[in-house]
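Asker: Chains as they are written, first to last, in numbering that gives the first Met the number 0: chain A, 0 to 187; chain B, 0 to 316; chain C, 0 to 298; chain D, 0 to 658; chain E, 0 to 153.
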Amino acid sequence: MHTINLTESFDGDFVRKIECESEQNVSLCYQCGNCTAGCPYTFAYDIPVSQVMRLLQAGQKRTLLSCKSLWLCATCESCTTRCPNNIDVARIMDVLRHEARRQGYGSERSVKVFWDTFLDSVKRHGRVFEMGLAVEYIARTGRFWTDLELGPAMLSKGKLAFKPHSIQGQAEVEKIFERFQQQKEQCA
Amino acid sequence: MELLDQLKEKIKERLPELDVVIGWEQGFDPLHATPLFMRTEEDVDRLVFSPLCVHNLASHLTGLKGKKVGIVVKGCDSRSVVELLQEKLLVREDVTVFGLPCTGVVSLKKIKHALGGLDKVASAEFNGNELKVSAAGAARVLPLNEIAADKCGRCQYHNALLSDVFVGAPVEAAAEDNYADVEAFQAKSPQEQAAYWRDAMQRCLRCYACRNACPMCVCRDHCVAQSREPHWMTQQDTVQEKWFFQMIHALHLAGRCTECGECERACPVGIPLLLLKRKINKEIKELFDYQAGTKIDATPPLLSFKVEEENINERGW
Amino acid sequence: MSSSPTYAYYPGCSGQGTSLEYETSSRAVCEALGVVLHDIPDWSCCGSTPAHTVDHVLSAALSARNLAQAETLTGVEGIATPCPSCLTNLKTAGRRMLDPQFKERVNSLLDTPVKQPLPAKSVLQVLFEDVGPAALKERVVKPLAGLKVAPYYGCILNRPPEVMEFDDCENPIAMDRLLEALGAEVVPFPLKVECCGASFGMPRKDMVMRLSGKLLDVAEDNGAMAMATACPLCQMNLDLRQSQINATSGKQHNMPVFYYTQLIGLALGLDKRLLGLNKLCVNPKAALQAAEQATAGAA
Amino acid sequence: MKIGVFICHCGSNIAGTVDVAKVAEEVGKLPDVAYSTDTMYACSEPGQEGIIQAIKDHNLDGVVVASCTPRMHEPTFRRTVERAGLNRYMFEMANIREHVSWIGKDKESNTQKAVDLASIAVAKLTQDRPLIAKKFGVNKRVMVIGGGVAGIQAALDCADGGLEVVLVEKTATIGGKMAKLDKTFPTVDCSSCILGPKMVDVAQHPNITLYANAEVDSVKGYVGNFEVAVKKKATYVDWTACTGCGLCTEKCPSKKATDYFNEKIATTTAISIAFPQAIPKKASIDPEYCIKITKDKCGVCEKLCPTKAIRYDMQDETVIEPVGAIIAATGYDLFDYTRYGEYGGGRYPDVITSLQYERILSASGPMAGHIKRPSDGKEPKNVVFVQCVGSRDKSVDRPYCSGFCCMYTAKQAIQTKDHLPDSQTYVFYMDIRAPGKMYDEFTRRAMEEYGARYIRGRVAMIYPKGDKYIVRGADTLAGTQVEVEADLVVLAVGAEAAKGASNLAEKLRISYDKYGFYMESHVKLRPVETNTAGVFLAGSCQGPKDIPSSVAQGSAAASKVLGLFSKDELESDPQVASVDIKRCVGCGKCIETCPFGAIEETDFRGEPKANVIETVCQGCGVCTSTCPQGAIQLQHFTDNQILAEVNALCQQPLVTSFE
Amino acid sequence: MSAAPGNELRIIGFLCNWCSYGGADTAGVGRMTQPTDLRIIRVPCSGRIDPLFVLKALVNGADGVLVSGCHPRDCHYAEGNFYARRRLEVLKRFLQVLGIDERRFEYTWVSASEGQRWQEVVQKFTERIHELGPAPKITPDQMAMAETMAAQPR
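1) Along the alpha helix (DSSP H) that carries C/S198, what are the first and last residues, could you check?
2) So, B/H157 versus B/P214, is the Cβ gap smaller than 8 angstroms?
3) For C/G33, count the other beta carbons within 10 Å of its own beta carbon; 16 or more makes it buried, fewer makes it exposed. Which is it?
4) Is D/S43 buried or exposed, if buried means 16 or more other CB atoms sit within 10 Å of its CB?
5) How about B/R277 and B/Y207: do their beta carbons lie closer than 8 angstroms?
6) For D/E320, collect the residues of the same chain with a Cβ closer than 7 angstroms to its Cβ; drop the 5 residues on either side in sequence, then sort them by chain order.
7) Could you tell me whether any Cβ in chain B is nearer than 8 angstroms to the Cβ of D/D375?
8) In the DSSP output, which residue or residues are listed as bridge partners for D/A494?
9) Count Cβ pairs between the segment 198-206 of chain C and the segment 287-304 of chain B that sit closer than 8 angstroms; are there 3 or more?
10) Could you check if B/V43 is buried or exposed, using at least 16 other CB atoms within 10 Å of its CB as the buried criterion?
11) For C/T17, return the contacting residues in chain A, with the cut-off set at a CB-CB distance below 7 angstroms.
12) Candidates E/Q122, E/V89, E/V96: which alpha carbon is nearest B/I311's?
13) Would you report the Cα separation of B/D149 and B/N55, rounded to the nearest angstrom?
14) Which residues in chain A sit within 8 angstroms of C/R64, going by Cβ to Cβ distance?
15) Decide if D/T172 is buried, meaning its Cβ has at least 16 other Cβ atoms within 10 Å, or exposed.
16) Any beta carbon from chain B within less than 8 angstroms of E/L97's own beta carbon?
17) Restricting to runs no shorter than 4 residues, where is the alpha helix (DSSP H) found entirely within the segment 122-148 of chain C?
18) By a C-beta neighbour count over all protein chains shown, 10 Å radius and 16 as the cutoff for buried, is C/E330 buried or exposed?
19) Alpha carbon to alpha carbon, what distance is there between D/E287 and E/Y82?
20) What number of angstroms, rounded off, separates the C-alpha of B/A172 from the C-alpha of B/Q155?
21) Take every Cβ of the segment 48-65 of chain C, pair it with every Cβ of the segment 101-114 of chain C, and state whether three or more of those distances are shorter than 8 angstroms.
22) Would you report the Cα separation of D/E97 and C/V207, rounded to the nearest angstrom?
23) Any C-beta of chain C sitting closer than 8 angstroms to the C-beta of A/A152?
24) Here's the rule: buried if 16 or more other CB atoms are within 10 angstroms of the residue's CB, otherwise exposed. What is D/K123?
25) Is there a C-beta anywhere in chain B that falls below 8 angstroms from the one on E/N6?
26) Between B/I21 and B/G69, how many whole angstroms is the CB-CB distance? I'm expecting something under 8 angstroms.
27) Starting from the Cα of D/S548, find the closest Cα among D/M177, D/Y356, D/L162 and give me that residue.
28) At 4 residues or longer, what runs of the alpha helix (DSSP H) sit wholly inside the segment 115-162 of chain B?
29) Using a beta-carbon distance below 8 angstroms, is D/M429 in contact with chain A?
30) Quick check on D/E658: does DSSP put it in helix, strand or coil?
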């Protein structure tokens with residue numbers, strides 16, 4: 000473990016940005032650990048959520064944005080629901096993820112690719128095309144063995160449509176993404 | 000005629016046990032009635048009663064404290080007597096009330112307006128719903144509803160609410176008071192209102208006629224307007240001092256004013272002083288469902304409270 | 000008698016595929032119980048979890064398009080959806096759009112702006128509040144007596160309570176009461192709101208194996224013959240992936256995982272085709288028969 | 000008038016953000032101000048001497064000090080001007096610290112505001128008149144409300160000091176929470192062994208009248224002369240006859256009555272005595288469960304009672320107690336832990352409160368001191384303690400630390416090991432709060448000698464697994480999630496204000512905070528006084544406290560009462576209403592509104608007039624704002640004094656030029 | 000929105016000694032920053048406050064008046080604030096015909112422990128008065144005074 004120089008590495012702008020976007024005050028956290036205690040994903044995290052909060056208080060931007068935990072949070076709201084200080088921890092995790100995306104981090108690639116593929120599917124069809132999503136995901140990750148064994152069951156139950164359920168308003172949905180992208184670029 | 004004779008008879012019956020009975024007599028001209036203090040039977044014979052008997056005689060009561068006093072009251076006047084009794088400013092046994100039914104009194108201001116002046120009135124005669132006036136050689140007929148006092152149009156208490164002797168047949172009618180005048184004034188912007196009062200108060204002479212005419216202004220010589228202990232007001236003749244006096248008057252009457260309108264009637268410069276009191280009455284009615292001078296044993300709302308006030312919403316402050 | 004409860008209905012994408020049977024059984028149950036559903040015309044995907052991991056305005060906008068579409072319907076008191084993930088997104092979008100600035104940013108992404116977001120409810124909430132266990136009980140023709148079922152609500156149906164505003168966030172009971180009304184025996188299930196692994200099935204199967212595996216373990220420990228869920232993702236993780244879980248853990252779970260609407264449909268004696276029991280991966284026949292036998296034996 | 004003005008620096012507290020010299024200069028320009036200066040610490044000895052010297056040097060008629068809040072030092076400075084020969088009411092204070100320098104950083108605005116505040120003080124002073132206090136007699140009896148350890152201590156100290164004491168206790172026995180405890184920290188001595196003798200002393204003390212099963216109904220009067228109505232709730236047993244033999248409780252057939260003393264982990268009989276050492280040791284009937292009262296059957300106790308003490312038709316009774324002072328010692332109640340759904344919300348029988356655990360540990364408790372699980376009576380092996388349940392938790396509106404949970408948990412962990420040597424305890428804590436004598440050493444012993452495993456982190460959920468409970472928490476020091484398989488879980492539930500505390504506060508006219516704890520007069524310097532003269536506080540009603548602090552406060556409150564009663568007469572505050580007989584029209588409106596009945600009607604030359612009973616008047620001034628004639632004036636807050644302040648603010652240009 | 004120096008408005012507070020004055024002290028002890036416009040007059044009880052004091056202030060040029068007492072049921076004098084509540088409510092409504100914007104007057108309850116609440120009340124009321132701006136000079140002499148003041152060298 001390395002020594003953190005708190006005077007030099009504290010990134011106040013980063014803390015303020017996360018606080019502002021999440022509308023939360025991270026100083027409220029007194030490190031009781033209830034979020035970590037309740038989090039179903041702690042076993043998979045590289046940094047438990049209470050330490051994410053701690054590192055955020057300490058302004059440790061790089062450590063946070065590069066951590067895997069951000070991508071493994073399912074927003075199950077257990078931390079938010081139980082926080083004794085009424086901090087919306089899940090929202091902070093969300094906002095950290097946004098920032099990580101903006102700064103080009105994506106430490107859990109398979110998850111990020113899955114989410115991106117999902118949104119592409121929405122953009123392309125207006126609704127999620129599950130079959131297409133699976134195929135695309137496998138293509139992008141090269142993990143062609145993913146859930147291969149489930150295929151027959153799903154197909155035999157008629158649960159996977161081969162064609163997307165396209166909607167009339169597909170263009171409208173696509174424009175949502177495009178306008179979002181434009182606004183983002185304008186801001187940048 | 001019948002009513003007046005009956006009244007005279009009743010007064011004469013009671014006169015021996017009373018020091019004085021207050022009523023009205025004809026004034027200096029046919030349009031004016033004036034208070035009459037009856038001590039003898041001859042005095043009683045001068046008694047009149049007509050829509051010209053505008054004075055609220057209750058204003059004289061507290062000045063006669065300690066004496067056995069009889070008083071002739073219209074419906075509205077009776078409320079003042081009730082209120083004075085409720086406030087223990089009169090001793091019930093000392094007051095004998097001769098109650099009358101009343102169909103309304105005139106507004107001399109309206110008559111003046113209609114006639115273009117009140118000088119040289121030779122005769123005035125009520126005939127049904129009309130007043131026949133001859134002035135400066137010309138005769139005019141004025142419909143009563145055009146010259147009635149504003150307060151009569153919304154009167155809910157035509158008959159004396161309290162009387163030891165009631166003369167005549169009670170009037171059945173009772174109007175609703177929806178405080179339309181207050182609502183209308185309230186609809187103006189604060190700026191318009193302020194300008195209105197500024198103009199009005201510039202006219203004010205600080206003559207205190209309003210106060211002196213008020214039956215509920217019982218402080219008399221000790222009115223805070225002129226005292227130094229406490230020293231609420233200076234004697235400076237400024238608009239805000241004069242206006243502040245009207246605020247004092249109105250707030251000192253909060254929950255007490257019986258809306259006889261004497262303040263406004265007495266004002267020589269025509270300031271609508273009753274409006275201020277009616278505004279407060281309106282709110283007191285809404286907040287506490289209370290009207291002054293209607294029940295002797297009622298508890299005045301500003302001298303009491305409820306732990307939970309159902310009508311006061313404190314706006315979440 | 001007041002008029003029937005009427006809602007704008009938002010089916011959600013999975014209802015078109017992986018949770019077809021939830022979709023058809025929800026509709027069938029609502030119809031049978033007098034809840035009127037009008038589909039939101041040309042609805043689109045709410046963006047689910049992936050959208051809010053990118054941006055909150057984008058996420059809200061994907062939901063907001065549907066809120067705007069719902070405003071074209073008349074006579075509806077709100078939006079009903081069977082899917083908790085869609086529900087969360089619709090409610091969160093509505094709540095955040097109370098802030099006029101946020102609303103403006105969302106509307107700037109849309110062709111048709113949202114005027115006044117309609118309140119959203121889960122179909123479970125609609126059935127619990129507008130129909131209620133007592134009325135449901137009266138309609139039961141084929142009680143599910145003997146069926147020991149673990150009610151599993153999933154993590155976001157009731158959480159966070161400030162947003163979801165329905166039922167207890169730690170120990171919800173709405174589904175319990177409805178299942179009890181059907182005559183089923185609801186077993187204690189302490190992990191009612193614990194996460195199943197969510198959408199990590201494809202990218203991080205290991206996480207789903209562990210979390211859903213635990214849910215199955217606890218349900219079984221508590222004597223459940225079946226589980227009831229209210230979420231397409233939960234159902235898929237527990238049912239479709241049960242074979243994977245067994246393969247990973249070496250256990251032999253054979254736990255049918257129903258949508259609670261399927262169980263209501265069964266008890267109401269609705270058309271089996273609409274209930275889609277044949278679409279469940281873990282065959283429920285054995286459990287249902289066992290229940291029947293247990294009741295018969297007792298009688 | 001010659002007024003002296005002293006603007007205090009308060010070190011840098013005021014001078015840091017207020018230009019005090021400027022304030023002194025500006026205020027010095029006012030017409031009546033003869034002397035104006037700034038001073039480093041007005042309240043210090045040289046500060047006060049400076050004031051006295053200036054009064055003499057400049058022949059001042061009155062003094063204004065602009066410094067801190069008058070709620071702090073007004074009495075100090077009044078004594079100062081008195082020492083210089085002025086009447087103590089020829090003094091005014093301007094609060095330029097709490098209301099100016101501490102709440103704004105802009106020096107120019109602050110300075111102007113300080114000038115204004117000092118100016119209104121000067122304006123008021125020009126209207127001040129000397130006032131002389133009157134004396135009145137004191138009823139040297141004291142009422143103590145609440146018979147917990149704080150109340151017991153206060154009652155005994157007062158009684159030993161020679162005062163007559165009335166002790167009012169809500170429940171059927173005194174002893175409070177302490178009587179329910181098995182052992183006490185940090186000595187692990189037996190609670191009833193140290194409390195029991197004190198309880199007996201209360202019962203036997205000739206100066207103490209005890210009303211158990213009684214509550215305060217209403218409080219009238221004022222310091223020295225209160226009248227308290229005490230409602231003695233029906234016990235259905237004539238306590239003058241009852242000998243506490245217990246025969247009735249043995250034979251009562253209704254055995255399902257709620258056992259409040261045992262924190263509901265057991266049931267008791269409909270007629271019962273709370274516990275063997277109860278004081279008074281008298282039986283009482285729970286009417287909800289009594290078969291005779293509910294169904295008019297049974298009547299066993301009546302038949303058996305050797306002294307014929309049973310009264311099924313007993314009614315509540317109210318007695319009036321005149322006292323001169325009141326000590327509130329109403330204690331605390333436990334936070335309702337069922338609000339924590341994640342801990343089972345009361346559904347799990349083996350997840351219990353710390354006080355229930357005390358009853359389990361207690362030899363006189365329902366399990367006779369054997370630790371057994373409520374569900375199946377088995378001895379637990381793993382016992383988990385969860386701290387801060389309803390403490391330091393904003394989400395349940397309990398942000399404060401309850402103070403004593405860390406200590407009793409350590410004690411319970413030690414006791415657990417003593418009772419069950421094979422057991423293992425785990426303590427989930429956030430921080431260990433052990434700032435007392437031998438306290439931290441004690442918690443260390445729990446870990447070092449008794450092997451309690453302390454885990455720093457909150458518990459997120461508890462759920463049953465088989466016949467055990469999974470306690471899932473965090474170990475934040477290890478940075479991980481942890482699970483313990485527990486047999487018994489003890490929740491360290493926090494303390495909250497006693498139920499009905501705010502209600503009683505309203506009767507006593509004392510303030511309480513948003514949680515219902517009573518407000519002391521000054522946080523540091525007047526910890527057992529209230530803002531209502533003659534009403535004192537002891538124990539946890541003021542905020543959570545452990546036994547030593549509660550006892551200390553009980554004694555402190557008693558010493559305050561003894562001090563108050565050391566004089567035969569008290570000085571009344573001369574800031575009372577006074578009638579101008581000329582102006583009074585005798586309408587009696589003031590009589591109607593006075594909250595204290597302090598105004599009476601008198602006859603003055605045949606005219607009714609208002610007359611103020613000075614010792615009864617509390618100085619609220621409701622009468623003054625009621626009287627339209629301004630005939631009744633609250634001294635020191637007369638119309639003229641307040642008008643002077645209003646005028647000082649309004650009748651001058653908004654911005655006085657500094658140049 | 001703390002007023003800039005020189006930009007202050009004239010706000011007068013009437014506070015009861017036991018609760019609200021204490022609450023303001025508590026806010027001070029907690030260093031809870033507040034706008035500086037308010038000047039506090041201490042009275043024993045909100046029941047002591049004659050509504051005419053409020054009018055006196057408003058007529059003579061105050062831009063806002065704030066009255067604060069103990070919460071109902073928690074009056075040091077048991078009943079004073081109950082009377083105050085009735086009087087002040089009537090007063091507030093009376094303003095509706097006096098040409099004085101009723102928002103310039105408010106009454107509320109703050110206990111001695113509620114420092115933060117006091118801070119919020121002061122903040123909110125001061126903001127409100129600044130939104131309303133300086134009170135219109137209703138009388139000619141006041142207008143004259145305002146002019147003199149404006150002409151004064153600063």
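Think of the CB as a built atom: it goes at the ideal place given N, C-alpha and C, for glycine as much as any other residue.
Predicted model only: the values in this text are computed from it and were never measured.
Answerer: Quick look at the numbers:
1) Looking at the DSSP string, C/S198 is not in any alpha helix (DSSP H), and its letter there is neither H nor E.
2) no
3) exposed
4) exposed
5) no
6) M142, V165, V227, V229
7) no
8) D/L333
9) no
10) buried
11) E129, K158
12) E/V89
13) 15 angstroms
14) G168, E171, V172, I175
15) buried
16) yes
17) 122-125, 131-138
18) Here chain C has residues from 0 to 298 only, and residue 330 of chain C is not among them.
19) 42 angstroms
20) 8 angstroms
21) yes
22) 59 angstroms
23) yes
24) buried
25) no
26) 7 angstroms
27) D/M177
28) 143-146, 149-152
29) yes
30) With a pLDDT of only 32 at D/E658, under the threshold of 50, the placement of this residue in the model should not be trusted; the figure read from the coordinates follows. Correct three-state label for D/E658: coil.
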